[in-house]
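Residue numbers (the UniProt record's numbering): 1 to 633.
Read through the structure below, which is laid out as structure tokens, and then see the notes.
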Amino acid sequence: MVDDSLYILEKMRDLNLSVSTQAYNSILYNFRETDEMWDVYKAIESKNEHTYSTVVDGLCRQQKLEDAVSFLRDSEWKDTGPSVVSFNSIMSAYCKLGFVDTAKSFLCTVLKCGLVPSVHSHNILINGLCLAGSIGEALELAGDMSKHGVEPDTVTYNILAKGFHLLGMIKWVWEVIQQMLDKGLTPDVITYTILLCGHCQLGNIDKGLRLLKDMLSRGFELNSVIPCSVMLSGLCKTGRIEEAFSLFYRMKANGVRPDIVAYSIVIHGLCRLGELDLAIWLYDEMCSKRILPNSRTHGAMLLGLCRKGMLLEARALLNSLISTGCTLDIILYNIVIDGYAKSGCIEEALELFRGVIESGITPNVATFNSLIHGYCKTQNIAEARKVLDVIKLYKLVPSVVSYTTLMNAYANCGDTEKVDELRREMKANGISPTNFTYSVIIKGLCIGRKLEKYNQVLRDMASEGVTPDQITYNTVIQHLCRAKDLFRAFELFEEMKSRNLEPTPATYDILINGLCFYGYLKDAERFLCSLRERDVSLSKFAYTTVIKAHCVKGDPEMAVKLFLQVLDRGFDVSVRDYSAVINRLCRRELAKEAKFFFCLMLSRGVSPDLDICRVMIKSSDVLGWTIKAGLLP
DNA sequence: ATAGGGTTAG
């Protein structure tokens, strides 16, 4: 209520009451980010140290750094002398602009003025160094603190821990925190939050959950919406949306009010997994609590619509955001452009892209990468390739994603020469391939029947410090299965496990499909059973592959047994799954069994489509029976 | 002075 404070100030003057410097400073502080600061400043009769440091801070916040420095140098502080606080503001501002060296030089100025840099001064510089990636210098400065007569505090250690976290050196995060404990300092809620971030980044979600529980029991509940958000984000990123949802409600029950960030995280998580209805429900709840959606929230909703294939709706939402008049983030456009590209609507993607350019918004690499993807998806590799040059025209640099997307298109045609060409171009531009890239390269070798080069690629990976992951293995295992080399496929499967790579549901899909395809149905069955006994998570595909094989082999009893297990496991069974089974049974003239599945489908509330009805009618007397069941053919 | 959320490739 700063304007009301001005009114009171005026009244006090009218009544000839004297206004204390402290009162003026308080008003000055509230106007420090605006030009009105000077009006307040001029009105102050006796200024003190706080007055000056507030002005310096205000100028820094208004990005008027040079004014701040000259004010400090030339102005009226001569009666009091400059304070360390003013220098801290200036150092902080230089750090935020990325000029850490300039910030550091002010530390000498502080000393020259005969002042003692405080713990704050050091922390500001240490933070600046960490954000600039100079963790070594940051540690050095922290080590020198005692020489300067101050001691590192909890904040110092938190900053260093965050610095290591930013570099992905999570082990050192623990190390820093251990040192902090050794010094007898008490970790605060921020320390815990950084630890929690580390757990989440390493994928140790369960450890994170335990830590969060521990935190809440230590009584951090008053300001713990941030740690809860970190946890929500970790859960959402690993697809554990139900747990995220329950944490969200436990937060509320414990009096931790979710804010815009917490809401956006969960809405995004739901949208990413295609739970659009729940996302909309949460969005409405958020709005009803007067929390206004921002660009991130809108991005999540756009993503949700695109993932559901509701491109018209996504576009309508984007248009309505545009019509509100504020310039939109390129990311919001990227989401819709990518939605078009993924659905093979390259024309629409291009049209929106032109709209972006016309409204003067700068595209980024992701924008172009989506266009590359769109061209590849519509089998237009030549145009996709040209986008690489367009990226350069926009003074942007093609990323590893640009190259990998293109390489993938060539790999799918088995064109290993073009893949190699891009690989060389990429290297020449100083871009390192990732695991992603290598899996594409290996896929190219598989499809192009050049597997003799596989070992060379593995050596390249090793020399670049890229370790094969599950998908690298899946790619080769799939190729071996296709080439009927099931023995080597299973050898690689064992190798994968011996390297502590947990096979994915897709790994099992590939192996089971391979076994079934080449007639090893008994082995597939046994394999599936052993996996189920060990409670390995399997996809619906693993089951339906074996079920389909049973239908083909004429063993409907086993098919029924397994199919009921699929329903039992709560998989989302569609009309396509039923028709896959029914088609095969009909082809073997097992009309009775086909009818059983047809009835099962109806009883589960799944509507038959035209194709499945045709098949049923052709193979049996189902027409009369359908009409009797009250269904219209 | 220190902690949280968005887009792209297998």
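The C-beta atom is built at its ideal place from N, Cα and C for all residues, glycine as well.
Taking the Cα of E175 as reference, the smallest distance to any Cα among L167, L160, S217 is reached at L160.
In the three-state scheme derived from DSSP, where H, G and I count as helix and E and B as strand, L515 is classed as helix.
Residue ranges of uninterrupted alpha helix (DSSP H) with 4 or more members, entirely inside the segment 427-465 and ordered along the chain, are 435-447, 454-463. Here I8 is exposed, its C-beta having fewer than 16 other C-beta atoms within 10 Å.
Contact between the segment 494-505 and the segment 522-533 is absent, with fewer than three C-beta pairs closer than 8 Å.
Counting other Cβ atoms within 10 Å of its Cβ, M1 stays below 16 and is therefore classed as exposed.
Between L107 and S121, the C-beta spacing is below 8 Å.
In this model, L247 and L167 are separated by some 29 Å (Cα to Cα). R290 has its alpha-carbon roughly 46 Å from the corresponding atom of S432. By the criterion of at least three beta-carbon pairs nearer than 8 Å, the segment 410-425 is in contact with the segment 438-458. Put simply, of V466, I126, K392, P82 the residue whose alpha carbon is nearest the alpha carbon of G114 is P82. Here the segment 586-593 makes contact with the segment 544-557; the two share three or more CB pairs at distances below 8 Å.
Look at the UniProt repeat "PPR" (469-503) and you find these whole runs of alpha helix (DSSP H), each 4 residues long or longer: 470-482, 486-498.
Residue environment: S46 is assigned as exposed (fewer than 16 neighbouring CB atoms within 10 Å of its CB, all protein chains considered). Here N369 really is in contact with S399; their C-beta atoms are around 7 Å apart, less than 8 Å.
Leaving aside the five residues that flank D338 on each side, the residues in its chain whose CB is nearer than 6 Å to its CB run, in chain order, S370. Residues I126, L129, C130, L160, G163 of the same chain have their beta carbon placed closer than 7 Å to that of A138, with the five preceding and five following residues left out of the count.
By the Cβ-count criterion, A462 is exposed, with fewer than 16 other Cβ atoms from all chains shown falling within 10 Å of its own Cβ. For E275, the number of other beta carbons within 10 angstroms of its own is at least 16, and it is reported as buried. Between the C-alpha atoms of G133 and G184 there is a straight-line separation of about 28 Å. Within the same chain, A103, G128 come within 6 Å of C95 by CB-CB distance, once the 5 residues on both sides are set aside.
Per DSSP, reduced to three states, the secondary structure at K11 is helical.
Note on geometry: alpha-carbon atoms of L303 and C271 lie some 6 Å from one another. Excluding residues up to 5 positions away in sequence, V466, D469, T472 lie with their Cβ nearer than 7 Å to the Cβ of N435 in the same chain. The shortest CA-to-CA distance from R532 to any of N30, A93, Y508 is the one to Y508. With contacts defined as CB atoms closer than 8 Å, I330 and T297 fail to qualify as a contacting pair. Put simply, the backbone Cα of I391 is about 19 Å away from that of K418. Beta-carbon to beta-carbon, S86 and Y52 are separated by about 6 Å, close enough to satisfy the 8 Å threshold.
A Cβ-Cβ separation of about 10 Å leaves H373 out of contact with T404 under the 8 Å criterion. DSSP places L303 in the helix class (H, G or I) of the three-state scheme. With a contact defined as Cβ atoms closer than 8 Å, T191 and I177 qualify at about 6 Å. The C-beta separation of C200 from V173 comes to about 12 Å, leaving the pair out of contact by the 8 Å criterion.
Between Y333 and L321, the CB-CB gap reaches or exceeds 8 Å. Within the same chain, L445 come within 6 Å of K453 by CB-CB distance, once the 5 residues on both sides are set aside. For V119, same chain residues with a beta-carbon under 8 Å away, outside a window of 5 residues either side, are M145, V150, E151, P152, D153, V155, T156 in chain order.
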